[in-house]
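**Student:** At position 26 of the sequence shown the residue is numbered 393 (this note's numbering), and the sequence of numbers has no breaks. Yeah, the Cβ is synthetic: ideal placement off N, Cα and C, and Gly gets one too.
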Amino acid sequence: MKFDCQLEINKKSCMHRLGIDEQGRVQRAIDSTFLMGVGPYVPLDEGDLLASGIANTDIGSGEIVWDVDNKARRLYYGERDWNWSNGGVQQGGLRGPYWAHRYIQEGGREQVERAARRAVGK
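1) Taking all protein chains shown into account, decide if I397 is buried (16 or more other Cβ within 10 angstroms of its Cβ) or exposed.
2) With distances taken Cα to Cα, identify the nearest neighbour of A418 among G429, S428, A439.
3) Among E446, G445, G463, S399, which has the Cα closest to the Cα of V432?
4) Roughly how many whole angstroms lie between the Cα atoms of Q394 and V409?
5) A486 to S380, Cα distance in whole Å?
6) Using three-state DSSP, classify V314 as helix, strand or coil.
7) Can you check which of these residues, S428, F401, D434, Y443, is closest to P391 by C-alpha distance?
8) For R462, count neighbouring C-beta atoms within 10 Å of its own C-beta (all shown protein chains included) and say buried if the count is 16 or more, exposed if not.
9) Specify the secondary structure class of T424 as computed by DSSP and reduced to three states.
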């Protein structure tokens, strides 16, 4: 018995249906989940840094941006010229330098993966 078959698949359409296309629902879910989850880790004095992550990030782009003058980099890397008199912790025990790395290491990766799986399943 012989069976011949020709299958044509529209890759773009399949990716769109799964939500894995550029700016698709999966990337939007990943970005949103990351921003919400990392919030408690971001140093918080007046809230400008935290707000800048929301304002400067294009949800779905795959790039999270914190941009507050020249403070974001100094705060992220815990540079010595910043006032870390409280041990680098500002307004809560999780807040401080390397906030994104620490969030990912402390369960953030799993949260983001769950969000991505849920978004694919829609």
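**Tutor:** In terms of the structure at hand:
1) buried
2) A439
3) S399
4) 21 Å
5) 16 Å
6) The question about residue 314 has no answer, for the chain in this structure spans 368 to 489.
7) Note that residue 391 is Gly in the sequence shown, not Pro. Checked all of S428, F401, D434, Y443; the closest Cα to G391 is S428.
8) R462 comes out buried.
9) coil
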